[in-house]
Amino acid sequence: MAYEFLGLSQQSDRSLYADLDSGLGRNPSALPTHLSRVLYIPEHSTLNLSLYDAREPFQQAVYVSPFGSEHLVGRPLIGSRFFKTRVNTMDREKVMQSGAPRYVVELDGDRIDDGVDISATMRANASVSDAMDSAAKINIQVPMSTDGFSLTFENSKETENQTQHIAISATYPLQSVHSKAGIIRFPFFAFSLDDEKSTGYEWQIHPLDHGMLRYTLFQLPSHSPASGGNVAPPRECPDAETIAIYHHLGHENSLFRPTSEGVLLLPGPEMPALLEMVTVASLLVLLWKIRGTARQGLGKEPQPKKRSLAEKLFGGRKS
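The sequence shown begins at 1 in UniProt numbering and counts up by one.
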């Protein structure tokens, strides 16, 4: 199993639900130093939004103590209550007013109610991205009938024309959990790129160790393919590299909710343009998928019908 996630035989249900309800991780950790860029993903409920660079406001909120030197209290560990509190002080309005968006996502047609596939386009803003011109885009196709989805990357710079189709599969290697809100399922999303056949990528959530507010994109070596269930956990697979981290913003204890808002931590400018755009687009669809779960009551099971007083007293229907 991808992370020896719950181990219910080794822990009480009370402890498990207390951990999940808090939204915090059992093993908070320092932020990876190579994830030096930050994108702010404003609150949204559809695939219609703009994403903004937020490195300085994020660092100001997380690393600079409002009481003075951060050395007095230490830098917050991601997964901790301290980190959640600090990151939520980030000035979102300043982020959106400080410059043009890095990416713009437009829904090609809001056909969710029609029960057909969802289509959207994500474009890179050439004014803030030297690696791509204004023609760089990703077409997003989200079938309503399956958990997987597909992306098509297009970049028609003067020196090259590049098109690549990326299929993204969904698996559920972790055990579902009954919470106060209903049944929570934890999808993993895996993909690979044409020019990197020796590696795969997978968005993973580890609710106990990392908390309920985070998804992490791992690059998995060839001997640990992205199979959504046969991948060793990062702590046991040192070759698995952290490519990106998404963390929810807000005072909720879970990112499984009808709207999404958060920050995406990315590597420095050396990150290939293709990988960056696929990372961003796949995350947005991931969030769309789990918002759908939240709108449906987290897969809530139908409640049994109440028995009448006579049935309670004299027996009868028990359903």
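Think of the CB as a built atom: it goes at the ideal place given N, C-alpha and C, for glycine as much as any other residue. Given the structure is predicted, the values throughout are model-derived calculations rather than measurements.
In chain order, what residues of the same chain lie with their CB nearer than 6 Å to the CB of residue i, ignoring the 5 residues before and after it?
i, result
"residue 248", "213, 255 and 262"
"residue 43", "259 and 261"
"residue 147", "170"
"residue 192", "200"
"residue 203", "189, 215, 217 and 286"
"residue 122", "103, 105, 138 and 281"
"residue 251", "none"
"residue 210", "25 and 79"
Here's a check: name, in chain order, each residue in its chain whose Cβ is nearer than 7 Å to the Cβ of residue i, leaving out the five neighbours to either side.
i, result
"residue 276", "266"
"residue 246", "214, 215, 262, 264 and 283"
"residue 29", "77, 78 and 79"
In whole angstroms, give me the CA-to-CA distance for residue i and residue j.
i, j, result
"residue 149", "residue 170", "8 Å"
"residue 97", "residue 253", "28 Å"
"residue 168", "residue 218", "14 Å"
"residue 5", "residue 145", "Below a pLDDT of 50, predicted positions are generally treated as unreliable, and residue 5, at 39, falls in that range; no measurement from the model is reported."
"residue 62", "residue 87", "5 Å"
"residue 27", "residue 120", "37 Å"
"residue 274", "residue 64", "33 Å"
"residue 374", "residue 36", "This structure leaves residue 374 out entirely; the chain is present only between 1 and 319."
"residue 140", "residue 289", "13 Å"
"residue 178", "residue 162", "45 Å"
"residue 151", "residue 117", "13 Å"
"residue 113", "residue 74", "Here the model assigns residue 113 a pLDDT of 48, short of 50, so the residue's position is not dependable and the matter cannot be decided."
"residue 143", "residue 291", "15 Å"
"residue 185", "residue 205", "10 Å"
"residue 21", "residue 153", "38 Å"
Smallest Cα separation from residue i: which of the options?
i, options, result
"residue 190", "100, 278 and 64", "278"
"residue 55", "38, 47, 44 and 63", "38"
"residue 79", "207, 167, 119 and 146", "207"
"residue 243", "50, 93 and 270", "270"
"residue 49", "104, 83 and 144", "104"
"residue 124", "118, 101, 143 and 145", "101"
"residue 272", "195, 76 and 251", "195"
"residue 34", "280, 291, 290 and 268", "268"
"residue 85", "23, 122 and 41", "23"
"residue 91", "40, 21 and 251", "40"
"residue 76", "57, 93 and 31", "31"
"residue 58", "186, 211, 89 and 164", "89"
"residue 60", "94, 164 and 210", "94"
Kindly identify the DSSP beta-bridge partner or partners of residue i.
i, result
"residue 214", "247"
"residue 122", "105 and 138"
"residue 78", "29"
"residue 193", "Looking at the DSSP assignment, residue 193 forms no beta bridge with any residue, so it has no partner."
"residue 262", "41 and 248"
"residue 63", "Bridge partners of residue 63: none, in fact."
"residue 34", "None, per the DSSP bridge assignment."
"residue 188", "171"
"residue 149", "168"
"residue 203", "189 and 217"
"residue 278", "Per DSSP, none; premise fails for residue 278."
I think residue i touches residue j, with their Cβ atoms under 8 Å apart; what is that distance to the nearest whole Å?
i, j, result
"residue 126", "residue 155", "At roughly 11 Å, the Cβ-Cβ gap does not stay under 8 Å, so residue 126 and residue 155 are not in contact."
"residue 176", "residue 183", "5 Å"
"residue 53", "residue 99", "7 Å"
Hey, is residue i close to the ligand SAH, as in C-beta under 6 Å from one of its heavy atoms?
i, result
"residue 61", "Of ligands this structure carries none, so the ligand SAH is not represented either."
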